[in-house]
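Peer 1:
In our numbering, the protein residues as written are 27 to 258.
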């Protein structure tokens, strides 16, 4: 499914559910969560929560100006359980309850509005941690071809991602919004995921354009054409 738009972006905010509804536990909140968005002045803001089992929270917020490193804030805080929600303290005078909905961390803004954070995949291991088992020398075909993980965010074609034709795979996500922009900033958007009609899509990313991923991490791999030899 796709629709055509000029450069008009809408931030989608979801209604949150109680933290431990639908079988959720504390373990579902552990990990690294990120929200990245463009500023009106041409810069970008990145906000991270890293929530650990030892009840510590590592927080980082960085605002980049268009041509300047800008400013930011970092803090080592804590979390605890309060009733049926997780409560984060991430500043001397900054704390909040957090929720989960459809696999996203939800930070309330007030009323029925929330900031949505996506989970960052973990590919390595911390120093001193128990080594992971050796990988299976014959992985499942789907794992072998899934591609490069691209977290939700905004990417420049030519600078962040080489121009070309790609397959975008939603992985295990239920619904992902994929925006593609040409060099003149005209946009198309698509929905893919297990709740949609399509799990993957093929896009032609043009030099000078952009790719924007919303709501989950996707996997990008070069499109190598179709195997028409099967019909010979």
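Positions of the beta carbon are idealized from the N, C-alpha and C atoms, including for glycine.
(1) Please report the straight-line C-alpha distance between residue 174 and residue 246, rounded to a whole angstrom.
(2) Would you list, in sequence order, the uninterrupted beta strand (DSSP E) runs of no fewer than 3 residues that lie entirely inside the region 170 to 251?
(3) Note down the Cα distance separating residue 124 from residue 82, rounded to an integer number of angstroms.
(4) Is the region 138 to 145 close to the region 54 to 67, with three or more CB pairs under 8 Å?
(5) Just the Cα atoms here: how many angstroms apart are residue 194 and residue 218?
(6) Give me the Cβ distance between residue 183 and residue 233, rounded to the nearest whole Å; I'm assuming they're in contact under 8 Å.
(7) Does the separation of the CB atoms of residue 206 and residue 235 fall below 8 Å?
(8) In three-state terms, what does DSSP make of residue 79?
(9) So, helix, strand or coil for residue 26, using DSSP?
(10) I need the straight-line Cα distance from residue 242 to residue 199, nearest angstrom please.
(11) Alpha carbon to alpha carbon, how far is residue 109 from residue 240? Give it in angstroms, no decimals.
(12) If I follow the unbroken beta strand (DSSP E) through residue 51, where does it start and stop?
(13) By DSSP, does residue 110 sit in helix, in strand, or in coil?
(14) Can you have a look at residue 153 and say buried or exposed, based on whether 16 or more other CB atoms are within 10 angstroms of its CB?
(15) Identify the residues that DSSP records as bridge partners of residue 134: which are they?
(16) Can you give me the C-alpha to C-alpha distance between residue 197 and residue 117, rounded to a whole angstrom?
(17) Tell me, to the nearest whole angstrom, how far the beta carbon of residue 12 is from that of residue 62; I am working on the premise that it is less than 8 Å.
(18) Can you tell me the Cα-Cα spacing of residue 140 and residue 127, whole angstroms?
(19) Leaving out five residues on either side along the sequence, give the residues of the same chain with a beta carbon under 8 Å from the beta carbon of residue 225.
(20) Give the straight-line distance between the Cα atoms of residue 251 and residue 67, rounded to the nearest whole angstrom.
(21) Grouping DSSP H, G and I as helix and E and B as strand, with all else coil, what is residue 115?
(22) List the DSSP bridge partners of residue 98.
Peer 2: On the basis of the coordinates in this document:
(1) 5 Å
(2) List check, beta strand (DSSP E) in window: 174 to 176, 179 to 182, 190 to 195, 202 to 207, 213 to 218, 226 to 231, 236 to 240, 244 to 248.
(3) One C-alpha to the other measures close to 15 Å.
(4) yes
(5) 9 Å
(6) 6 Å
(7) yes
(8) coil
(9) One cannot answer for residue 26 here, as it falls past the ends of the chain, which runs 27 to 258.
(10) 6 Å
(11) 30 Å
(12) No beta strand (DSSP E) holds residue 51; DSSP gives it neither H nor E.
(13) If DSSP states are grouped into helix, strand and coil, residue 110 belongs with coil.
(14) Because the pLDDT of residue 153 is 48, which lies under 50, any placement of that residue in the model is unreliable, and the question is left without a value.
(15) 140
(16) Rounded to whole angstroms, residue 197 to residue 117 spans 34 Å at the Cα level.
(17) Examination of residue 12 is not possible in this model, given that the chain is present from 27 through 258 alone.
(18) The alpha-carbon atoms of residue 140 and residue 127 are separated by roughly 11 Å.
(19) 195, 196, 218, 219
(20) 40 Å
(21) strand
(22) Residue 98 has 88 as its beta-bridge partners, per DSSP.
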